[in-house]
Amino acid sequence: MSGGDPPRYQGQGKGQGIEGGPERLYVVTAGRDRAAEPVPLDLVTLIVSRGKPARGMQPEHAAILRMCTRPLSLVEISAYTGLPASTVSVLLTDLVDGGQVETRAPVPAAELPDPKLLEAVMDGLRKL
Amino acid sequence: MDFANSEAAAGPQAGDALPASARSAVKVVVVGGFGVGKTTLVGAVSEIRPLTTEETMTQAGAGVDSLVGAEHKTETTVAMDFGRISIDERLVLYLFGTPGQERFWFLWKGLFEGALGAVVLIDTRRLEISFSVVNRLEERGVPFVIAVNNFPDSPCHPMSDIRAALDLPDHVPMVTCDARDRSSSRDVLMALMRYLHSLTTAPRSDSD
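Chains as they are written, first to last, in the working numbering: chain A, 296 to 423; chain B, -7 to 200.
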């Protein structure tokens, strides 16, 4: 009954997405393994570009700017680029620092969620 | 090979883009063993086809360590599938289908932090996998409901037997579902939301 493997959006085959294993990831983040600043980027932080990519920009940065003309979560960027979420987080921190993207933080974590928020989610689910 | 011209890096198709008005997102984690139907459930309710995010794990099991000096470690790629539901013009719900083994949970920083709660998807043919999941979530204080995925050849256990087998507190809701079915999977999420809502409005019993 399993739905099988989900489609892999990082490409139909070789030559798409970002390849090359850990060394490649090391290169695209210039050796940083995590964001330098504790910018609170969550898997579901929504990212929106503030402008078009500049000439000479690192391709990964440019790709993120192009795909975030509408809001897109960090984890969706990870799926579409084929880069790990941890790597995307580093790349996004560069763009946040440079003022090139706007972030829309998740609903703040709390001991217990706001009942109003839960009611909104239930209303939304009922429409499914 | 060329990332800049790669179709894969183009992002979502027009129909999969969120409205510009989307302001904020919330998470629900669907936890379960391999083959229990996590991605099926996520796909049944998601407005986009489930996507996959991957992280690299070193064989040492240290999680997301620095890759520097990792030349002699074996790298394993771990995948996690997720889907999305636009709740309204401003709010988005993300659903993550996560392996039951706790060591995978740390690969995605913040997976459980800030999550509204979790669904533990259970296959009664392999109940034993679920013990540790239930324990780990309780330790972390993540509220959860149990959803029993009804496979055609599943033995038919009364819910009370499953509750006893998992040593589950009385207040944790249990539902049965067909993870292939949209409304059935939606009802699982509704059960979680109702439970969370009850936790916010009723005083929590701290007896257990």
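Don't be surprised by glycine CBs; every beta carbon is placed ideally from N, CA and C. For clarity, every value in this text was computed on a predicted model and none was experimentally measured.
Neighbour list for residue i in chain A, Cβ cutoff strictly below 7 Å
i                : result
Arg15 (chain B)  : Arg399
Ala9 (chain B)   : Arg365
Leu181 (chain B) : Leu420
Phe74 (chain B)  : Val370
Arg110 (chain B) : The amino acid at residue 110 (chain B) is misidentified as Arg; the sequence shows Ala. Going along chain A, no residue has its Cβ under 7 Å from Ala110 (chain B), so there is no contact; the nearest lies around 13 Å.
Where residue i meets chain B, residues with beta-carbon distance less than 8 Å
i                : result
Gly419 (chain A) : Ile77, Ser78, Ile79, Asp80, Leu83 and Leu85
Leu423 (chain A) : Val37, Ile77, Arg174, Ser175 and Arg178
Ala380 (chain A) : Thr45, Glu47, Trp100 and Lys101
8 Å Cβ cutoff met for residue i and residue j
i                : j                : result
Gly181 (chain B) : Val20 (chain B)  : Note that residue 181 (chain B) is Leu in the sequence shown, not Gly. Their beta carbons are under 8 Å apart, which means Leu181 (chain B) touches Val20 (chain B) by this criterion.
Val22 (chain B)  : Val84 (chain B)  : no
Val18 (chain B)  : Leu423 (chain A) : no
Leu103 (chain B) : Pro408 (chain A) : no
Met185 (chain B) : Met166 (chain B) : no
Thr45 (chain B)  : Val396 (chain A) : no
Pro135 (chain B) : Leu191 (chain B) : yes
Ile154 (chain B) : Leu119 (chain B) : yes
Pro379 (chain A) : Glu131 (chain B) : no
Ala194 (chain B) : Pro366 (chain A) : no
Thr324 (chain A) : Thr382 (chain A) : yes
Arg82 (chain B)  : Ser16 (chain B)  : yes
Asn141 (chain B) : Val28 (chain B)  : yes
Asp337 (chain A) : Pro403 (chain A) : no
Ala415 (chain A) : Asp80 (chain B)  : yes
Straight-line gap, residue i to residue j (C-alpha atoms, nearest Å)
i                : j                : result
Gln353 (chain A) : Met362 (chain A) : 15 Å
Val126 (chain B) : Leu158 (chain B) : 8 Å
Ser344 (chain A) : Thr398 (chain A) : 9 Å
Ala12 (chain B)  : His149 (chain B) : 47 Å
Pro161 (chain B) : Thr116 (chain B) : 18 Å
Ser78 (chain B)  : Leu87 (chain B)  : 11 Å
Lys30 (chain B)  : Thr340 (chain A) : 23 Å
Val70 (chain B)  : Lys411 (chain A) : 35 Å
Gly351 (chain A) : Glu39 (chain B)  : 36 Å
Ser177 (chain B) : Met72 (chain B)  : 19 Å
Met49 (chain B)  : Ser146 (chain B) : 33 Å
Thr364 (chain A) : His189 (chain B) : 35 Å
Ser373 (chain A) : Lys101 (chain B) : 13 Å
Arg172 (chain B) : Trp97 (chain B)  : 25 Å
Ile342 (chain A) : Arg128 (chain B) : 31 Å
Ser124 (chain B) : Tyr187 (chain B) : 21 Å
Gln93 (chain B)  : Gly419 (chain A) : 31 Å
Ile359 (chain A) : Glu105 (chain B) : 25 Å
His163 (chain B) : Gly133 (chain B) : 14 Å
Pro348 (chain A) : Ala183 (chain B) : 44 Å
Gly24 (chain B)  : Ser368 (chain A) : 24 Å
Arg303 (chain A) : Met417 (chain A) : Low confidence applies here, because Arg303 (chain A) scores a pLDDT of 41, under 50, leaving its location unreliable; read the following figure in that light. Spanning the two alpha carbons is a distance of roughly 30 Å.
Pro42 (chain B)  : Phe26 (chain B)  : 16 Å
Gly346 (chain A) : Ser122 (chain B) : 47 Å
Thr32 (chain B)  : Leu413 (chain A) : 24 Å
Gly394 (chain A) : Pro335 (chain A) : 15 Å
Leu10 (chain B)  : Phe74 (chain B)  : 15 Å
Arg421 (chain A) : Gly7 (chain B)   : 21 Å
Val137 (chain B) : Arg95 (chain B)  : 21 Å
Pro144 (chain B) : Ala357 (chain A) : 48 Å
Chain-ordered chain B contacts of residue i [CB-CB under 7 Å]
i                : result
Asp337 (chain A) : Gly102 and Gly106
Thr376 (chain A) : Ala1
Val391 (chain A) : None at all; the shortest Cβ gap to chain B is about 16 Å.
Local Cβ density within 10 Å of residue i, reported as buried at 16 or more and exposed below that
i                : result
Cys169 (chain B) : buried
Glu355 (chain A) : buried
Arg76 (chain B)  : buried
Gly89 (chain B)  : buried
Ala62 (chain B)  : Residue placement at Ala62 (chain B) is flagged as unreliable, the pLDDT there being 47, under the threshold of 50; the coordinate-derived value follows with that caveat. By the 10 Å Cβ count, Ala62 (chain B) comes out buried.
Ala392 (chain A) : Reading the sequence as shown, one finds Asp at residue 392 (chain A) and not Ala. So Asp392 (chain A) ends up on the exposed side.
Ala139 (chain B) : buried
Thr68 (chain B)  : exposed
Ala156 (chain B) : exposed
Pro91 (chain B)  : buried
The ligand FAD heavy atom lying under 7 Å from the CB of residue i
i                : result
Thr364 (chain A) : Of the ligands one can find in the structure shown there are none, so the ligand FAD has no counterpart to examine.
Closer than 9 Å at the beta carbon, the chain A residues around residue i
i                : result
Met201 (chain B) : Here chain B comprises residues numbered -7 to 200, so residue 201 (chain B) is not present and cannot be evaluated.
Val18 (chain B)  : Val339, Pro401, Val402, Pro408, Leu412 and Val416
Thr193 (chain B) : Pro410
Contacts that residue i makes with chain B (C-beta to C-beta distance below 9 Å)
i                : result
Arg361 (chain A) : Ala1, Ala2 and Gly3
Ser344 (chain A) : None at all; the shortest Cβ gap to chain B is about 10 Å.
Chain E residues whose Cβ lies nearer than 7 Å to that of residue i
i                : result
Leu188 (chain B) : The chain inventory of the structure shown lacks chain E, comprising the protein chains A and B.
Closer than 8 Å at the beta carbon, the chain A residues around residue i
i                : result
Met185 (chain B) : Leu413, Val416, Met417 and Leu420
Pairs of beta-carbons, one from the segment 1 to 13 of chain B and one from the segment 382 to 395 of chain A, closer than 8 Å: are there three or more?
Contact between the segment 1 to 13 of chain B and the segment 382 to 395 of chain A is absent, because fewer than three Cβ pairs lie under 8 Å.
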